[in-house]
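Following our numbering, the numbering of the sequence shown begins with 1121 at its first residue and continues without gaps.
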Amino acid sequence: MPVTKISGALLKKMVTNGAVNLKNCYAEVDALNVFPVPDGDTGTNMSMTMMAGIREIENVSSKQIVLILKNLSRGLLMGARGNSGVILSQFFRGVYDGLKTVTKDYISLTEFANALYSGYKMAYKAVMSPVEGTILTVVKDAAKAISGKAYQTLDELIDDYLNAAKESLANTPKLLPILAEAKVVDSGGAGFVKIVEGMQMMLNGEKLHIQTEEEKAKAKEATETEIKFGYCTEFIIELAEPDKFIESELKDKLTEMGDSLVLVRDENLLKVHVHVNKPGEVLNIAQSLGEIVTTKIENMRIQHTQFIEPKKQEHKEIGIISVCFGDGIKKAFTDLGVDYIIDGGQTMNPSTEQFLKAMDNIDASSYIIIPNNSNVILAAEQAANLVEDKKVVVLKAKSIASGYSALINFDPELSIDENFENMSDVIDTVKTGEVTYAVRDTEIDGVKINSGDFMSLSGKKIFSSTKERLDAIKSLIDGLIDSESEIVTLFYGIDVNEDEVNEVTDYINEIDDEIEIEIIEGKQDIYSYIVSVE
1121 MPVTKISGAL LKKMVTNGAV NLKNCYAEVD ALNVFPVPDG DTGTNMSMTM
1171 MAGIREIENV SSKQIVLILK NLSRGLLMGA RGNSGVILSQ FFRGVYDGLK
1221 TVTKDYISLT EFANALYSGY KMAYKAVMSP VEGTILTVVK DAAKAISGKA
1271 YQTLDELIDD YLNAAKESLA NTPKLLPILA EAKVVDSGGA GFVKIVEGMQ
1321 MMLNGEKLHI QTEEEKAKAK EATETEIKFG YCTEFIIELA EPDKFIESEL
1371 KDKLTEMGDS LVLVRDENLL KVHVHVNKPG EVLNIAQSLG EIVTTKIENM
1421 RIQHTQFIEP KKQEHKEIGI ISVCFGDGIK KAFTDLGVDY IIDGGQTMNP
1471 STEQFLKAMD NIDASSYIII PNNSNVILAA EQAANLVEDK KVVVLKAKSI
1521 ASGYSALINF DPELSIDENF ENMSDVIDTV KTGEVTYAVR DTEIDGVKIN
1571 SGDFMSLSGK KIFSSTKERL DAIKSLIDGL IDSESEIVTL FYGIDVNEDE
1621 VNEVTDYINE IDDEIEIEII EGKQDIYSYI VSVE
């Protein structure tokens, strides 16, 4: 029977189906990351954001359409993670805003189309400098495609909306050259399309699987359900028989056990990164190949909700919150005065709610948030906007290196405005970069990248992609240091030994022996080196 108006019950089912479809396909969206580094998490962030909203409407009466949207918006707002998650939460906030005066238990097709248009407008407002070729373009093009049209059935409206969204998504590489070069479409836009596809599936009678009560009981936090393989397992082994080692055989074994597999070999040393559910079995395999040099196992499900609790403290004028990863990095930030560290960053973007909880745990008159990641800034700013009785500022620190340099310039004797200005000035002038490994083959800005290569990059600029990590860090240093450089801060990761660090230090001294060098054992994974140059 054709649907000519939308009830609260139907809207709830459609949105839930859309969220579940994205949840089922989040890895596919993650894989669309432009840069081939192990941090593609757009699908994960959007899925976790959507599921936070769905949990808020599970027990809301199906008849109360405005109440459903109000609670959905609130859940998305608090659960928003990453830039795409925040934009998604603002989109649904706009949908609610467009319908909040409705008093009926249903809405017309015209009202629904207008609400989707309101969602697009609100999404754009969430970003200070909107970039076309992203999720913003997709929601805009989809909304404009149905605006002002008279639809007879909801199926027709959703079909047009989805087709326009897909067409817009396919066009994103034409708007953003970096997407075309990487041969991918925008990941945020792709996530949004998955949501609309799920809504269409519900209209077509295809109800997707929703987590059962038994599955919920197994998870301490709903975020756990977003991660198929819960243990991030890394190790370095010294191969007992390098000549007899067959890399493809190990890849086949580990691929059957998990995902996010990366193998990097340097003569008789082999580094492995993989996400699995049984890390012990992986280490048994590793031990059969040679001597285990280092190993690290992290429960990613716990980490998604983990906080580093602050010490008991007296009231202070300015409380500092920072997002960090790596035990050594966390200690370095704490030593410089950070009051509360949220464990996360590149592969674990914290939610808006986590920032609010962090502020609740610090007795302060005002707060400075240091995100240390470009994909965390929007969620931090969203949290800041929700605090009405205290001043909260968010530094635009897009990396650990820039955040650390800014933090060094914090002065507790100054006001929050003075500190914010001084610290922001540092962020604007400091040069930063990282060395990490590639997870797929591609070519960006003329640099050919092979899976397993060490990449040196600064922001969106890639300096090199090479088999040798030492070559990668030297290339990064060459790209960052100039005649005006005075200080180099080097955070080295768990896969780097002191001998190599000494080689890097010597290399910097050869360039300019008057440069001051600060070495910090960051103990971080993913990034072999994090560097700042001032």
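Each residue gets a CB set at the ideal place from its N, CA and C atoms; glycine is no exception.
Anticipated Cβ contact below 8 Å, residue i with residue j, distance rounded
{"i": "G1599", "j": "F1611", "result": "Not quite, the Cβ-Cβ distance comes to about 17 Å (not below 8 Å), so this is no contact."}
{"i": "N1397", "j": "G1439", "result": "So it is not a contact: roughly 38 Å between Cβ atoms."}
{"i": "K1436", "j": "A1484", "result": "5 Å"}
{"i": "V1154", "j": "I1356", "result": "About 28 Å separates the two Cβ atoms, so there is no contact after all."}
{"i": "L1219", "j": "L1189", "result": "6 Å"}
{"i": "K1665", "j": "S1486", "result": "Because the chain in this structure spans residues 1121 to 1654, residue 1665 falls outside the shown range and cannot be described."}
{"i": "G1308", "j": "T1162", "result": "6 Å"}
{"i": "A1262", "j": "A1285", "result": "4 Å"}
{"i": "A1172", "j": "L1196", "result": "6 Å"}
{"i": "I1489", "j": "V1514", "result": "5 Å"}
{"i": "V1251", "j": "I1207", "result": "Contact flag wrong, Cβ pair sits at about 11 Å."}
{"i": "S1204", "j": "G1311", "result": "6 Å"}
{"i": "G1457", "j": "N1492", "result": "In fact, because the Cβ distance is near 15 Å, the residues do not count as touching under 8 Å."}
{"i": "L1125", "j": "L1229", "result": "Checking the sequence, you will find Lys at residue 1125 rather than Leu. About 7 Å separates the two Cβ atoms, so the contact holds."}
{"i": "D1217", "j": "G1253", "result": "No, D1217 and G1253 are not in contact; Cβ-Cβ is about 26 Å, not under 8 Å."}
When the options are compared against residue i, the one with the closest alpha-carbon
{"i": "H1395", "options": "E1654, S1652, I1646 and I1650", "result": "I1646"}
{"i": "K1581", "options": "D1561, V1555 and V1559", "result": "V1555"}
{"i": "E1638", "options": "R1175, D1561 and I1528", "result": "I1528"}
{"i": "L1374", "options": "V1392, E1358 and V1559", "result": "V1392"}
{"i": "K1303", "options": "G1579, S1585, I1607 and D1565", "result": "D1565"}
{"i": "E1630", "options": "I1597, D1615 and G1613", "result": "I1597"}
{"i": "G1553", "options": "V1651, E1641 and K1510", "result": "V1651"}
{"i": "V1653", "options": "E1636, V1206 and L1506", "result": "E1636"}
{"i": "F1212", "options": "G1202, S1408 and T1169", "result": "T1169"}
{"i": "E1231", "options": "A1270, L1196 and G1195", "result": "A1270"}
{"i": "N1617", "options": "M1377, V1608, I1640 and E1604", "result": "I1640"}
{"i": "S1678", "options": "I1569, V1567 and A1452", "result": "No information on residue 1678 is available, as it lies outside the stretch 1121 to 1654 that the chain covers here."}
{"i": "E1178", "options": "K1133, T1562 and I1278", "result": "K1133"}
{"i": "K1416", "options": "K1125, V1608, R1560 and T1353", "result": "T1353"}
{"i": "E1387", "options": "L1381, V1512, A1360 and S1368", "result": "A1360"}
{"i": "D1363", "options": "P1491, I1405, R1175 and G1410", "result": "G1410"}
{"i": "V1621", "options": "Q1407, E1634, D1591 and D1480", "result": "D1591"}
{"i": "A1129", "options": "M1322, C1145, N1291 and L1289", "result": "M1322"}
{"i": "A1406", "options": "F1365, E1434 and I1441", "result": "F1365"}
{"i": "T1586", "options": "Y1216, L1296, F1540 and I1569", "result": "I1569"}
{"i": "A1300", "options": "L1277, V1413, L1152 and Y1216", "result": "L1152"}
{"i": "I1520", "options": "D1537, D1480, D1447 and Y1240", "result": "D1447"}
{"i": "G1268", "options": "V1567, D1480 and A1233", "result": "A1233"}
{"i": "D1633", "options": "M1468, Y1649 and D1602", "result": "D1602"}
{"i": "A1265", "options": "Y1240, K1245 and K1518", "result": "Y1240"}
{"i": "K1224", "options": "L1187, D1561 and G1253", "result": "L1187"}
{"i": "S1181", "options": "Y1226, E1326, T1221 and D1480", "result": "Y1226"}
{"i": "L1605", "options": "L1277, I1628 and R1589", "result": "What sits at residue 1605 in the sequence shown is Ser, not Leu. Checking every option, the nearest Cα to that of S1605 belongs to I1628."}
CB contact flag (residue i, residue j, <8 Å)
{"i": "Q1644", "j": "F1445", "result": "yes"}
{"i": "G1613", "j": "G1642", "result": "yes"}
{"i": "V1507", "j": "P1470", "result": "no"}
{"i": "V1123", "j": "G1318", "result": "no"}
{"i": "S1167", "j": "K1143", "result": "yes"}
{"i": "K1516", "j": "I1497", "result": "yes"}
{"i": "V1550", "j": "I1593", "result": "no"}
{"i": "I1185", "j": "S1238", "result": "no"}
{"i": "E1176", "j": "R1194", "result": "yes"}
{"i": "F1111", "j": "A1500", "result": "With the chain covering only 1121 through 1654, there is no way to say anything about residue 1111."}
{"i": "V1258", "j": "L1282", "result": "no"}
{"i": "M1543", "j": "A1558", "result": "no"}
{"i": "E1358", "j": "L1403", "result": "no"}
{"i": "I1441", "j": "K1450", "result": "no"}
{"i": "E1473", "j": "M1198", "result": "yes"}
Beta bridge counterpart(s) of residue i as assigned by DSSP
{"i": "E1354", "result": "H1393 and K1416"}
{"i": "F1611", "result": "I1640 and I1650"}
{"i": "F1155", "result": "Beta-bridge pairing links F1155 to no other residue."}
{"i": "A1484", "result": "K1436"}
{"i": "E1563", "result": "K1568"}
{"i": "T1162", "result": "Its beta-bridge partners do not exist; DSSP assigns none."}
{"i": "E1411", "result": "E1358"}
{"i": "T1375", "result": "According to DSSP, which records beta bridges pairwise, T1375 is partnered with nothing at all."}
{"i": "F1574", "result": "Y1557 and T1586"}
{"i": "I1441", "result": "Y1460 and I1489"}
{"i": "S1595", "result": "Looking at the DSSP assignment, S1595 forms no beta bridge with any residue, so it has no partner."}
{"i": "K1581", "result": "S1578"}
Which runs of the alpha helix (DSSP H) spanning at least 4 residues fall entirely within the region 1169-1254, listed in chain order? 1185-1199, 1202-1219 and 1229-1245
List in chain order: all unbroken beta strand (DSSP E) runs of 3+ residues lying wholly within the region 1377-1405. 1378-1386 and 1389-1396
Inside the region 1453-1478 only - beta strand (DSSP E) runs reaching at least 3 residues: 1460-1463
Segments of 3+ residues assigned as beta strand (DSSP E) that fall wholly inside the region 1257-1319: The region 1257-1319 contains no whole beta strand (DSSP E) run of 3 or more residues.
Taking the runs of the beta strand (DSSP E) that are 3 residues or longer, which of them lie wholly in the region 1493-1572? 1511-1514, 1551-1557, 1562-1564 and 1567-1569
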